[in-house]
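Chemist: Taken in order, these protein sequences are the chains called R and E. Residues 1 to 450, numbered by full-length UniProt numbering, are exactly what the first sequence covers, in order. Residues 1 to 450, numbered by full-length UniProt numbering, are exactly what the second sequence covers, in order. Note that beta-carbon positions come from the ideal geometry of N, C-alpha and C, so glycine has one too.
2 protein chains.
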Amino acid sequence: MNQIIQPSIAFATTDQQKPQLHLNLFLDGFGHHVASWRHPESQLNRSAFARYLEAAKIAEQGKFDAVFFADSLAMDPNVTHSGKVRGHEIEPLTLLSAIAAQTSHIGLIGTATTTYNEPYHIARKFASLDLISEGRAGWNLVTTDLAAEALNFNIEAHVPHQDRYERAEEFYDVVQGLWQSWEQDALLKDKAQGQFFNPEKLHPLNHRGKHFKVAGPLNVGPSAQGHPIIVQAGSSERGRELAARTADVIFTAQADFQSAQAFYADVKSRLSRYGRQAHELSILPGLYVVVAKTEQEALHKQKILDDLIEERVGLGLLGRMLGNFDLSTLDVDAPLPELELTQTGQQSRQALFTRLSHEQGLTVKQLYQRVAAGRGHFSLIGTADMIADQMEYWLKHKAADGFNIMPALLPSGAQDFIELVVPVLQQKKIFRTEYSATTLRAHYQSSHTV
Amino acid sequence: MNQIIQPSIAFATTDQQKPQLHLNLFLDGFGHHVASWRHPESQLNRSAFARYLEAAKIAEQGKFDAVFFADSLAMDPNVTHSGKVRGHEIEPLTLLSAIAAQTSHIGLIGTATTTYNEPYHIARKFASLDLISEGRAGWNLVTTDLAAEALNFNIEAHVPHQDRYERAEEFYDVVQGLWQSWEQDALLKDKAQGQFFNPEKLHPLNHRGKHFKVAGPLNVGPSAQGHPIIVQAGSSERGRELAARTADVIFTAQADFQSAQAFYADVKSRLSRYGRQAHELSILPGLYVVVAKTEQEALHKQKILDDLIEERVGLGLLGRMLGNFDLSTLDVDAPLPELELTQTGQQSRQALFTRLSHEQGLTVKQLYQRVAAGRGHFSLIGTADMIADQMEYWLKHKAADGFNIMPALLPSGAQDFIELVVPVLQQKKIFRTEYSATTLRAHYQSSHTV
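So, in structure tokens, the structure goes:
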């Protein structure tokens, strides 16, 4: 493993006025390309924990803000007879706690749905991860978009989008209320007086709402960063508004610069309603990336993966992205037919892919290859300079405060990124060369310009 | 830290016919004495994770089968204005996953209630811990005995004992069914054919019972030990029967040899109803222990702790042990008055302490000091020889297959135990000198005689 060449600290500190990128590494199986597990380099007999730990250590070596881990509470019905690995690997909170024990600076963001959980459990588990990691935990608050999950939680039919958001909003309030149970200086640890904590600084919640009745207080105390940071990924009207009120970070799927810039402006404009300023919320679009020393080499890497996509897998993935459609009978060389809008919470992606298909005249096969490479996120395949230039452009022109990096292959693509792209970002003086703090909250707050 | 002197492997393997002890280390705050945190050696500014990790590493160095971690889903109302630390520290699944990342052999047993959880979450989190630890996870299945927990989970009143057990039984069946979703050889990992797993070896559950509807399959696959082992701690009629049907290990509170022997005989006799043999279930009473080089030194250690118990803390703890009574107005120098039997699931302990109080003529203060030292578990305070002799006696006379070790102080008491007591047990040829396997299931199955 090559060492990154670090500019001196003195060099780095001259650039505090320049907007700084925030980078998360999105961990997912053998990589973000749907056929990544079939790539010759993927080590299928290595444990998931070993792979994720290696990727997290690479991200930490590259001074990333955090690793990001998605989740689902069911086997994806579209993959039960395919080779796709995602959805049956490992649970985020346990995984991130194990990673916490072997890292020191990298933030740890795990996804948990508000649809099939109880707020007391979620508040407690993330607070616990936050203690174990000494202030590096983040909760990616989602509502569930996979109808199959309902069937694992005593519910016959999937909860509609509207109800899920109502529940999510109350859920957030309860979790945040529980995290505020303990004032930061509540722990006295006074042996002589026999007072471990000050009961006047421990507050019950006594929440009584439409969806939840939760007394509190939480039985886990505050961490080095107070409590976990909040990440959100919803792009609907309701999702954007919830993020504007509550999120520290948004992870979003944006296919191109124009959409990203519009999304960025829209979400940032909502902040003032909640008395918040633009720098208090970082917007991180997903970025699917394949980097190599030459553009040709990068395109070749991508083609190897595209050639490994089987038709049934490509159609299954596309159907899922569009909202649980069975596309198995489609002609893959024809354009995408019109599909009815569904209530599965995938409205934003359905619109995105339909537009892509029509505007660019893509066949179904071309579309699923596009989806397979980053599932509709912005994609960059090329040299480090080309990728870093694009990232700088998005940052400078207010389309992004950073990116959730999605390498085609993991962990090797993360290694490529920190060896090739990160040094260019550092030379451009838009990314840290050393951590200035140890908590995730401080990472996101560092070096921001308003 | 002194090295334990290890007898040679050849020496150890001559003793396969002798019944072997199984030892768990029960992790709890600064130790099992209620005043442990006030002891001069307790490092209150050290993180809970750092302390528990050190204790787990000590247990692994001492060749213990597992560490054991209790849980509650609320602040104990009796301690909200006291110094007792337990109940607001850290959540077991996240903690044990972090410990897994820094250990290699020690089993990891976490408690989770069936009363305020969903079986899909529990099956998944323990399966995930089992993958991370490569087959070292155990689930201590409990029903909730703390009425305050209900108020954190949308429920106005505590669930009665009978209903909780009915739910627990169905809950167990669902979890076990989900763990069986994946046959051990379901993962094909066949890159050429594009088959990551064999769909014929992945089974949905489609459970539809009184309490739960769960479709499955689980989205986490099998581990090195197949799936986590089951631990139980209930001592009621219903609890014993559930354990006889489902448990690999029972953790039980037994105040003396006679009760332990009766409990042991009773539970083992139930196994045949379920087609199980005596060696398939290990019975591990709790053992509160203070060990020193002389008996006088051990008693002095205990006295230092007893002198640190404040009256309000002692009365609060006793009231909780007896079933959520407010005892704050009692005369501590009088005997315990008669108390009404409650439905809080503490019937066994209530009977135990009432009997202790009457038979031995203890005052309330003497009783709470007894409770403070091990909460009604068997207690041994003395030299290594004296403690090892007692443990051997219980093992030989079928009162225990091992013990859940509860040192007065943690982590130092665990260090004392492995330095002083473990070598004596090894010399007696009733405890392993090396691990013979890496999974928890194999630890419990090793060296058993029927």
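1. On a CA-only basis, which of R:Leu327, R:Asp333, R:Ala334 is nearest R:Glu340? Give me that one, please.
2. With distances taken from CA atoms, which of R:Leu271, R:Leu108, R:Gly374 is nearest R:Phe126?
3. So which of E:Met386, E:Gly138, E:Leu356 has the shortest CA-CA distance to E:Gln296?
4. Inspect the CB distances between the segment 199 to 214 of chain R and the segment 411 to 429 of chain R and report whether three or more fall short of 8 Å.
5. So, does the CB of R:Gln102 fall closer than 7 Å to a CB anywhere in chain E?
6. Taking the straight line between their C-alpha atoms, what separation do you get for R:Ala372 and E:Ala442?
7. Look up E:Gly226 in the DSSP assignment and give the residues it is bridged to.
8. Can you tell me whether E:Asp256 is buried or exposed? The criterion is at least 16 other CB atoms within 10 Å of its CB, across all chains shown.
9. Between the beta-carbon of E:Ile106 and the beta-carbon of E:Glu60, is there less than 7 Å?
10. What residue does the beta strand (DSSP E) around R:Tyr288 start on, and which one ends it?
11. Hey, R:Pro119 and R:Ile430 are a contact pair by Cβ (cut 8 Å); roughly how many whole angstroms apart?
12. Mind pulling the chain E residues with CB within less than 7 Å of R:Pro217?
13. Thinking C-alpha only, which one of R:Gln350, R:Gln258, R:Gln445, R:Glu241 is nearest R:Gly376?
14. Nearest-angstrom Cα distance between R:Ala148 and R:Ile155?
15. Under 8 Å, with one C-beta from each stretch per pair, do the segment 37 to 52 of chain R and the segment 187 to 202 of chain E reach the 3-pair mark?
16. Terminal residues of the continuous beta strand (DSSP E) containing E:Trp139?
17. Can you find a CB in chain R that lies within less than 7 Å of the CB of E:Tyr120?
18. Going by the CB atoms, is the gap between E:Leu129 and E:Leu96 shorter than 7 Å?
19. Below 7 Å on C-beta distance, what does R:Arg370 contact in chain E?
20. With hydrogens ignored, establish whether the beta-carbon of E:Leu395 is closer than 6 Å to any heavy atom of the ligand NAP.
21. Does the Cβ of residue 456 of chain R have 16 or more other Cβ atoms within 10 Å, making it buried, or fewer, making it exposed?
22. With E:Ala56 and E:Val67 assumed to form a contact (beta carbons below 8 Å), what rounded beta-carbon distance in angstroms separates them?
23. Give the interface partners of E:Asn45 over in chain R, defined as CB-CB distance under 8 Å, in chain order.
24. For the 8 Å Cβ check, are there 3 or more pairs between the segment 198 to 207 of chain E and the segment 167 to 177 of chain E?
25. Just to make sure I have the definition right: I need the residues of chain R whose C-beta is within less than 9 Å of the C-beta of E:Asn154. Which are they?
26. Entirely within the segment 110 to 135 of chain R and at least 4 residues each: give me those alpha helix (DSSP H) ranges in chain order.
27. Nearest CA to the CA of E:Leu23: which residue from E:Thr354, E:Glu434, E:Ser436, E:Asp401?
28. With 7 Å as the threshold, decide whether the Cβ of R:Ala137 is near any Cβ in chain E.
29. Is the beta carbon of E:Ile381 sitting closer than 7 Å to the one on E:Leu25?
30. Is the beta carbon of residue 461 of chain E sitting closer than 7 Å to the one on E:Leu287?
31. Does the distance from the CB of R:Gly234 to the CB of E:Glu310 come in under 7 Å?
32. Our contact map puts R:Arg124 next to E:Glu91 with C-beta atoms below 8 Å; I'd like the distance itself, whole angstroms only.
33. Would E:Gly194 pass as an interface residue toward chain R - the criterion being a Cβ-Cβ separation below 7 Å?
34. Does E:Glu280 come within less than 7 Å of chain R when only Cβ atoms are used?
35. So, does the CB of E:Leu151 fall closer than 7 Å to a CB anywhere in chain R?
36. So R:Asp248 and R:Leu271 are in contact, right, with Cβ under 8 Å, and what is the actual spacing, rounded?
Modeler: For this structure:
1. As a first step, residue 340 of chain R must be located in the first sequence, where it is residue number 340. It is R:Leu327.
2. Within the first sequence, residue 126 of chain R is the residue found at index 126, counting from 1. Taking only the C-alpha atoms, the option nearest R:Phe126 is R:Leu108.
3. Taking the second sequence and counting its residues from 1, one reaches residue 296 of chain E at position 296. That would be E:Met386, whose Cα lies nearest to the Cα of E:Gln296.
4. Counting C-beta pairs with one atom in each stretch, the segment 199 to 214 of chain R and the segment 411 to 429 of chain R have fewer than three that are closer than 8 Å, which means they do not touch.
5. For the purposes of this step, residue 102 of chain R is taken as the residue at position 102 of the first sequence. For R:Gln102, the answer is yes, since a Cβ of chain E falls inside 7 Å of its Cβ.
6. As a working note, residue 372 of chain R is residue 372 in the first sequence. As a working note, residue 442 of chain E is residue 442 in the second sequence. Rounded to the nearest angstrom, the two C-alpha atoms are 42 Å apart.
7. For the purposes of this step, residue 226 of chain E is identified with residue 226 of the second sequence, where counting begins at 1. According to DSSP, which records beta bridges pairwise, E:Gly226 is partnered with E:Ser223.
8. In the second sequence, the residue the question calls residue 256 of chain E occupies position 256. Flag for E:Asp256 reads exposed.
9. For the purposes of this step, residue 106 of chain E is taken as residue 106 along the second sequence, with counting starting at 1. For the purposes of this step, residue 60 of chain E is taken as residue 60 along the second sequence, with counting starting at 1. Against a cut-off of 7 Å, the Cβ pair of E:Glu60 and E:Ile106 comes out as a contact.
10. Stepping through the first sequence from its first residue, residue 288 of chain R is reached at position 288. Taken as a continuous stretch (DSSP letters only), the beta strand (DSSP E) holding R:Tyr288 covers 282 to 291.
11. Here the question's residue 119 of chain R lines up with position 119 in the first sequence. Here the question's residue 430 of chain R lines up with position 430 in the first sequence. The C-beta distance from R:Pro119 to R:Ile430 rounds to 38 Å, too long to meet the 8 Å contact threshold.
12. One-based indexing of the first sequence puts residue 217 of chain R at position 217. What R:Pro217 touches in chain E: Met75.
13. Here the question's residue 376 of chain R lines up with position 376 in the first sequence. The option with the nearest alpha carbon to R:Gly376 is R:Gln350.
14. Start at 1 with the first residue of the first sequence, and residue 148 of chain R comes out as number 148. Start at 1 with the first residue of the first sequence, and residue 155 of chain R comes out as number 155. Roughly 10 Å between the two C-alpha positions.
15. At 8 Å Cβ cutoff, the stretches touch.
16. By 1-based counting over the second sequence, the position of residue 139 of chain E is 139. Counting along the chain, E:Trp139 sits inside the beta strand (DSSP E) bounded by residues 137 to 142.
17. Walking along the second sequence from the start, residue 120 of chain E turns up at place 120. Chain R, which has a Cβ nearer than 7 Å to the Cβ of E:Tyr120, makes this yes.
18. Taking the second sequence and counting its residues from 1, the one referred to as residue 96 of chain E is at position 96. Taking the second sequence and counting its residues from 1, the one referred to as residue 129 of chain E is at position 129. Yes.
19. Here residue 370 of chain R corresponds to residue number 370 of the first sequence, with the count starting at 1. R:Arg370 does not reach chain E, its nearest Cβ partner there being about 20 Å away, counting only Cβ pairs nearer than 7 Å.
20. Absence of the ligand NAP is noted for the structure shown, with no ligands found whatsoever.
21. Nothing about residue 456 of chain R can be reported from this structure: the residues present for chain R run from 1 to 450 only.
22. Here residue 56 of chain E is taken as the residue at index 56 of the second sequence, counted from 1. Here residue 67 of chain E is taken as the residue at index 67 of the second sequence, counted from 1. Indeed, because the Cβ distance is near 5 Å, the residues count as touching under 8 Å.
23. To locate residue 45 of chain E, count along the second sequence from 1; it is residue 45. Simply Lys189.
24. Contact check between the segment 198 to 207 of chain E and the segment 167 to 177 of chain E: three or more CB pairs, one atom from each, fall below 8 Å, which counts as touching.
25. Residue 154 of chain E sits at position 154 when you count from the first residue of the second sequence. Near E:Asn154 (Cβ distances below 9 Å), the residues of chain R are Glu118, His211, Phe212, Lys213, Val214.
26. The alpha helix (DSSP H) runs lying completely inside the segment 110 to 135 of chain R and spanning 4 residues or more are 119 to 132, given in chain order.
27. Counting from 1 along the second sequence, the entry for residue 23 of chain E is found at position 23. The shortest Cα separation from E:Leu23 among E:Thr354, E:Glu434, E:Ser436, E:Asp401 belongs to E:Asp401.
28. As a first step, residue 137 of chain R must be located in the first sequence, where it is residue number 137. Taking Cβ atoms only, chain E never reaches closer than 7 Å to R:Ala137, which makes this a no.
29. Counting from one through the second sequence, the residue named residue 381 of chain E turns up at place 381. Counting from one through the second sequence, the residue named residue 25 of chain E turns up at place 25. No, these two residues do not count as a Cβ contact at 7 Å.
30. Because chain E spans 1 through 450 in this model, residue 461 of chain E falls outside it and cannot be assessed.
31. For the purposes of this step, residue 234 of chain R is taken as the residue at position 234 of the first sequence. For the purposes of this step, residue 310 of chain E is taken as the residue at position 310 of the second sequence. For R:Gly234 and E:Glu310, no; Cβs fall outside 7 Å.
32. In the first sequence, the residue the question calls residue 124 of chain R occupies position 124. In the second sequence, the residue the question calls residue 91 of chain E occupies position 91. Yes, they are in contact, since the Cβ atoms of R:Arg124 and E:Glu91 sit about 5 Å apart, within 8 Å.
33. Stepping through the second sequence from its first residue, residue 194 of chain E is reached at position 194. By this cut-off, E:Gly194 is an interface position.
34. If you number the second sequence from 1, residue 280 of chain E lands on position 280. For E:Glu280, the answer is no, since every Cβ of chain R falls outside 7 Å of its Cβ.
35. Taking the first residue of the second sequence as 1, we reach residue 151 of chain E at position 151. Closer than 7 Å to some Cβ of chain R, the Cβ of E:Leu151 qualifies, so yes.
36. The count along the first sequence starts at 1 and reaches residue 248 of chain R at position 248. The count along the first sequence starts at 1 and reaches residue 271 of chain R at position 271. Between R:Leu271 and R:Asp248 the Cβ distance is about 12 Å, and since that is not below 8 Å, they are no contact.
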